[in-house]
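Chains A and B, in that order, are what the protein sequence lines are.
Offset between the first sequence (1-based) and the working numbering: plus 37.
Offset between the second sequence (1-based) and the working numbering: plus 37.
Don't be surprised by glycine CBs; every beta carbon is placed ideally from N, CA and C.
What follows is one structure encoded as structure tokens, with my remarks underneath.
2 protein chains.
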Amino acid sequence: MASSAVNYAKENQQRFLGELKDLLRIPSISTAPEHKDDVRRAAEFCAANLRAIGMENVEIIPTKGHPLIYADWLHAAGKPTVLCYAHYDVQPPDPLNEWLSPPFEPTERNNNIYARGAVDDKGQLWMELKALESLMKGHGGKLPLNVKIILEGEEEVGGESIAAYVRKEKAKLKADFALVCDTELFAPNLPTLCVGLRGLVYTEIEAYGAKTDLHSGMYGGAAPNPFFALIEIISKLKDSKGHVLIPGFYKGLKAPSKDELKAWKRLPFNEEHYRKTEVGSKVLTGEPGYSVLYRTWARPTLEVHGMPGGFTAAGAKTVIPAKAAAKVSMRMVPNQDPDDILKKYTKYVAKLTPKGIETKIKVYSKGPACVVATNNRFIKAATEAMHEVFKKDTVFIRSGGSIPIVTDFQDVLKIPSVMMGFGLPDDNLHAPNEKFHIPNFYRGIESIIQFFEKLGE
Amino acid sequence: MASSAVNYAKENQQRFLGELKDLLRIPSISTAPEHKDDVRRAAEFCAANLRAIGMENVEIIPTKGHPLIYADWLHAAGKPTVLCYAHYDVQPPDPLNEWLSPPFEPTERNNNIYARGAVDDKGQLWMELKALESLMKGHGGKLPLNVKIILEGEEEVGGESIAAYVRKEKAKLKADFALVCDTELFAPNLPTLCVGLRGLVYTEIEAYGAKTDLHSGMYGGAAPNPFFALIEIISKLKDSKGHVLIPGFYKGLKAPSKDELKAWKRLPFNEEHYRKTEVGSKVLTGEPGYSVLYRTWARPTLEVHGMPGGFTAAGAKTVIPAKAAAKVSMRMVPNQDPDDILKKYTKYVAKLTPKGIETKIKVYSKGPACVVATNNRFIKAATEAMHEVFKKDTVFIRSGGSIPIVTDFQDVLKIPSVMMGFGLPDDNLHAPNEKFHIPNFYRGIESIIQFFEKLGE
Numbered sequence: 038m039a040s041s042a043v044n045y046a047k048e049n050q051q052r053f054l055g056e057l058k059d060l061l062r063i064p065s066i067s068t069a070p071e072h073k074d075d076v077r078r079a080a081e082f083c084a085a086n087l088r089a090i091g092m093e094n095v096e097i098i099p100t101k102g103h104p105l106i107y108a109d110w111l112h113a114a115g116k117p118t119v120l121c122y123a124h125y126d127v128q129p130p131d132p133l134n135e136w137l138s139p140p141f142e143p144t145e146r147n148n149n150i151y152a153r154g155a156v157d158d159k160g161q162l163w164m165e166l167k168a169l170e171s172l173m174k175g176h177g178g179k180l181p182l183n184v185k186i187i188l189e190g191e192e193e194v195g196g197e198s199i200a201a202y203v204r205k206e207k208a209k210l211k212a213d214f215a216l217v218c219d220t221e222l223f224a225p226n227l228p229t230l231c232v233g234l235r236g237l238v239y240t241e242i243e244a245y246g247a248k249t250d251l252h253s254g255m256y257g258g259a260a261p262n263p264f265f266a267l268i269e270i271i272s273k274l275k276d277s278k279g280h281v282l283i284p285g286f287y288k289g290l291k292a293p294s295k296d297e298l299k300a301w302k303r304l305p306f307n308e309e310h311y312r313k314t315e316v317g318s319k320v321l322t323g324e325p326g327y328s329v330l331y332r333t334w335a336r337p338t339l340e341v342h343g344m345p346g347g348f349t350a351a352g353a354k355t356v357i358p359a360k361a362a363a364k365v366s367m368r369m370v371p372n373q374d375p376d377d378i379l380k381k382y383t384k385y386v387a388k389l390t391p392k393g394i395e396t397k398i399k400v401y402s403k404g405p406a407c408v409v410a411t412n413n414r415f416i417k418a419a420t421e422a423m424h425e426v427f428k429k430d431t432v433f434i435r436s437g438g439s440i441p442i443v444t445d446f447q448d449v450l451k452i453p454s455v456m457m458g459f460g461l462p463d464d465n466l467h468a469p470n471e472k473f474h475i476p477n478f479y480r481g482i483e484s485i486i487q488f489f490e491k492l493g494e
Numbered sequence: 038m039a040s041s042a043v044n045y046a047k048e049n050q051q052r053f054l055g056e057l058k059d060l061l062r063i064p065s066i067s068t069a070p071e072h073k074d075d076v077r078r079a080a081e082f083c084a085a086n087l088r089a090i091g092m093e094n095v096e097i098i099p100t101k102g103h104p105l106i107y108a109d110w111l112h113a114a115g116k117p118t119v120l121c122y123a124h125y126d127v128q129p130p131d132p133l134n135e136w137l138s139p140p141f142e143p144t145e146r147n148n149n150i151y152a153r154g155a156v157d158d159k160g161q162l163w164m165e166l167k168a169l170e171s172l173m174k175g176h177g178g179k180l181p182l183n184v185k186i187i188l189e190g191e192e193e194v195g196g197e198s199i200a201a202y203v204r205k206e207k208a209k210l211k212a213d214f215a216l217v218c219d220t221e222l223f224a225p226n227l228p229t230l231c232v233g234l235r236g237l238v239y240t241e242i243e244a245y246g247a248k249t250d251l252h253s254g255m256y257g258g259a260a261p262n263p264f265f266a267l268i269e270i271i272s273k274l275k276d277s278k279g280h281v282l283i284p285g286f287y288k289g290l291k292a293p294s295k296d297e298l299k300a301w302k303r304l305p306f307n308e309e310h311y312r313k314t315e316v317g318s319k320v321l322t323g324e325p326g327y328s329v330l331y332r333t334w335a336r337p338t339l340e341v342h343g344m345p346g347g348f349t350a351a352g353a354k355t356v357i358p359a360k361a362a363a364k365v366s367m368r369m370v371p372n373q374d375p376d377d378i379l380k381k382y383t384k385y386v387a388k389l390t391p392k393g394i395e396t397k398i399k400v401y402s403k404g405p406a407c408v409v410a411t412n413n414r415f416i417k418a419a420t421e422a423m424h425e426v427f428k429k430d431t432v433f434i435r436s437g438g439s440i441p442i443v444t445d446f447q448d449v450l451k452i453p454s455v456m457m458g459f460g461l462p463d464d465n466l467h468a469p470n471e472k473f474h475i476p477n478f479y480r481g482i483e484s485i486i487q488f489f490e491k492l493g494e
């Protein structure tokens, strides 16, 4: 029989969705300086709702970057304490012309809600708040366990402020476990807990050649070309089979256990379907001898995301640019240390830099991989809660993405994280037409309610 | 003793410069569709002046692209006929933030006029018109020789319309020689005629991978990355020493004669000064065993001008873009056929394209190299005219740039071109802070007057 909290959540679904739409309308793009005020507005929106639903000690915490939000409710004596986490910032929406509806005007189609941040992570943040609201209402103004919540606005740009805050405020944030809602279901209707994440080092290599842009007719053959230098460098960072060539890059990395690899083989994964419908390319690429799940969850990679500089508008301009840049990131797996990788990468790039060119490396973000144990009571309660909502056994997966805060919770606060996420593999994270399947928004709220009720029994 | 025409030119220098400024204020950027009307305005400005100075049969000729302008004055019976050429379109001004004064607000500093198009080619176009005006005034409303003039607005985007027009209107454009003012002096105060140009093939390689932009965390290791594909391809188009690796690229090309190479060695060229003040890089690059002048005038090259796609704004975005592109051009020397080179290039790029990626090649422009004989009477008269203005012997040089129309004049109209240009090596063509040295604008007008007066004797 459904609890009063679950019933409350079911009765208020439409309102919850409407509130989420209001949050999605705020373009809280954390990487774009011109959206700084929007990021702040999104923070205030979340803080106001935390107050409204009865959370206590709500504060908007200023940082060097975008604000953090903290709140708590700590009156469930003898019950466990959860630290809820989500982020209210979003990726940039470009390329804008590929969106079927405007990225910051949430639009319903096919039972999905389309908007930048719909699933990553505003929709999942709002699940947490609405689960807490429902629990308050269903339990006579009380929560079944102690709750601390910390929301950040810099997840998409490296999360520096929350990392510093966690280190500074260990006692304040101390809890028995963390709930992180920023992952996805392995397949529609398949309850899923994520127990592993890759790390990330995101850099920009800037290459400088001549003192000014030069005409390629006049100077082609004598002037150094920063684009060609970047091409020479990056072509030697990874081979055509996806093997990273930075000396020492793979040293000491920890492979998944045999049991974990076996479990991955049992997952409902159709490589051909994945290729066709998710990736939509002629073939899949990557290191031979590793399955797709292995490659994307537990093997390190190196990618190029964009190469600013020179002439990029339509048409032709015969310029040898004075400078060019390349945004290059590396995903890491357990036992690869980001600082060590960055050191090896920086050294190798310097070595590969051709004469006449000067390179500099900017670091945008840096966080290690993380793997969570599956045998703690919190993971078990989460597994049961999702089973009740989905009526199916929960599977354990990893994600190729990076949530550095999970590593911080583990290493700094010494608490395990439950990564309970309700996105779908085709939700277009970081891409045009990002969406969140509306039934999953509701199931997420219900799963969190049941999870917390189980821990409060 | 100076002719009346020369005196008239001297007396009217300030007005001539003022008129040039008006022309420079029109942002006639031929590659930018949003400036189509500005290109048209520049054409109308030139046509109006041709009418005003007494040229006849002035017409603005519509084309598929930007208009051509034609005018003539053909009443010098028994005298030679010149076909004057220049272009009124300009390169885009970006990067805008590097201009010290706005690119379309001509500004005088240090006896230079700074503006996009100042020297390439509006300033030199205006020299031709002002020489014709001065000749008309100095010769009682007549010209000392027969003049046809053709001005184009697509030089910076490949010059397709004029190429077609020259082929269609051979009789109308027939002349004894052409005067092309779009080159530069080898050094300040050194009278120079350009007798060779490199050819150009300008392309854009478009690379397509997944059907949509993907999150590099989720898909890194399985999804093809078009940027990495372009990097792999382009890294194999040219080696680190500047040698182009396209099979058959160098086949049959014609090297300069021993005499020409000897004359180049006598030119006042200081490689260290060139490196420091013109290029401003730590070292010069290019094929070992060839001098700088040889490399930039008579050796083919391959350059990358920009790589649109993915995420290029400030900050980090973890995207594997669905598509990316690279603007790649090749400069060619005599006996390299652009169609043949393009075919070999296209075939090689296809061969280098990694699996999972589809590449397409767009061609923006295509024109062969050209070398002009130095022993005709027109080059001789030009040499003498410049000697009188500069009081120095004229040198013969080549240019690494491309003026496809010179090849068309030679191959289609069967006439030689006199490339008499008054730019300077540090004029920042195609770059921020393009300039034209004002005394050279006046000397150019005077040189053309004397050149035409000599041919009319």
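For residue 421 of chain B, the enclosing alpha helix (DSSP H) begins and ends at 414–427. Taking 7 angstroms as the upper bound on Cβ-Cβ separation, chain B lies near residues 249, 250, 251, 252, 253, 254, 255, 256, 257, 258, 259, 260, 261, 262, 264, 265, 268, 269, 271 and 272 of the segment 249–273 of chain A. Our two residues, residue 313 of chain A and residue 247 of chain B, have alpha carbons roughly 9 angstroms apart in a direct line. The C-alpha of residue 339 of chain B lies about 20 angstroms from the C-alpha of residue 128 of chain B. Under DSSP, residue 444 of chain B shares a beta bridge with no residue. The Cβ of residue 414 of chain B sits no closer than 8 angstroms to any Cβ of chain A. Taken in chain order, the complete alpha helix (DSSP H) segments of 4 or more residues contained in the segment 251–333 of chain B are 253–256, 263–272 and 295–303. CA-to-CA, the gap between residue 201 of chain B and residue 230 of chain B works out to about 27 angstroms. In the structure shown, the three-state DSSP call for residue 110 of chain A is strand.
Annotation: residue 386 of chain A is outside any beta strand (DSSP E); the continuous alpha helix (DSSP H) that includes it extends over 375–389. Distance between residue 110 of chain A and residue 372 of chain A, taken at the CA atoms: about 36 angstroms. Taking 8 angstroms as the threshold, the shortest C-beta distance from residue 310 of chain B to chain A does not fall below it. Under the DSSP assignment, residue 365 of chain A falls outside any alpha helix (DSSP H), being part of the beta strand (DSSP E) whose first and last residues are 360–369. As for any alpha helix (DSSP H) of minimum length 4 sitting wholly inside the segment 67–96 of chain B, the runs are 73–89, ordered along the chain. With a threshold of 16 other beta carbon atoms within 10 Å, residue 278 of chain B falls short and is exposed.
Residue environment analysis places residue 297 of chain B among the buried positions, since at least 16 neighbouring C-beta atoms fall within 10 angstroms of its C-beta. Judged by their CB atoms, residue 410 of chain B and residue 453 of chain B are nearer to each other than the 8 angstroms cut-off. Residue pairing from DSSP places residue 231 of chain A in a beta bridge opposite A:434 and A:456.
Neighbours of residue 332 of chain A across chain B, judged by C-beta separation under 8 angstroms: 258 and 259. Close to chain A, meaning a Cβ-Cβ distance shorter than 8 angstroms, are the following residues of the segment 435–453 of chain B: 436, 437, 438 and 439.
Annotation: residue 381 of chain A has no Cβ neighbours in chain B at a cutoff of 8 angstroms; minimum Cβ distance is about 19 angstroms. Excluding its 5 nearest sequence neighbours in each direction, residue 244 of chain A has C-beta neighbours in its own chain below 6 angstroms: 263, 266, 267, 361, 394 and 396, listed in chain order. Residue A:329 holds the alpha-carbon nearest to the alpha-carbon of residue 306 of chain A among A:292, A:323 and A:329. Not a single C-beta of chain A is nearer than 8 angstroms to the C-beta of residue 229 of chain B.
The DSSP-derived three-state label of residue 142 of chain A is coil. Residue pairing by DSSP puts residue 120 of chain A in a beta bridge opposite A:185 and A:215. Residue 284 of chain A sits close to residue 381 of chain A, with the two beta carbons spaced by under 8 angstroms. In this structure, the straight-line span from the alpha carbon of residue 358 of chain B to that of residue 342 of chain A is close to 7 angstroms. Here residue 177 of chain A is exposed: its Cβ has fewer than 16 other Cβ atoms, across all protein chains shown, within 10 Å. Among the residues facing chain A, residue 344 of chain B is included, as its CB has a counterpart in that chain under 8 angstroms away. For residue 398 of chain B, the enclosing beta strand (DSSP E) starts and ends at 395–404. Taken atom to atom, the span from the alpha-carbon of residue 389 of chain A to that of residue 70 of chain A is near 33 angstroms.
The C-beta of residue 469 of chain A comes closer than 8 angstroms to at least one C-beta of chain B.
Neighbours of residue 200 of chain A in chain B, taken as residues at a C-beta separation under 7 angstroms, are lacking, since the least C-beta distance is about 15 angstroms.
DSSP places residue 481 of chain A in the helix class (H, G or I) of the three-state scheme.
Annotation: the continuous beta strand (DSSP E) that includes residue 149 of chain B extends over 149–151.
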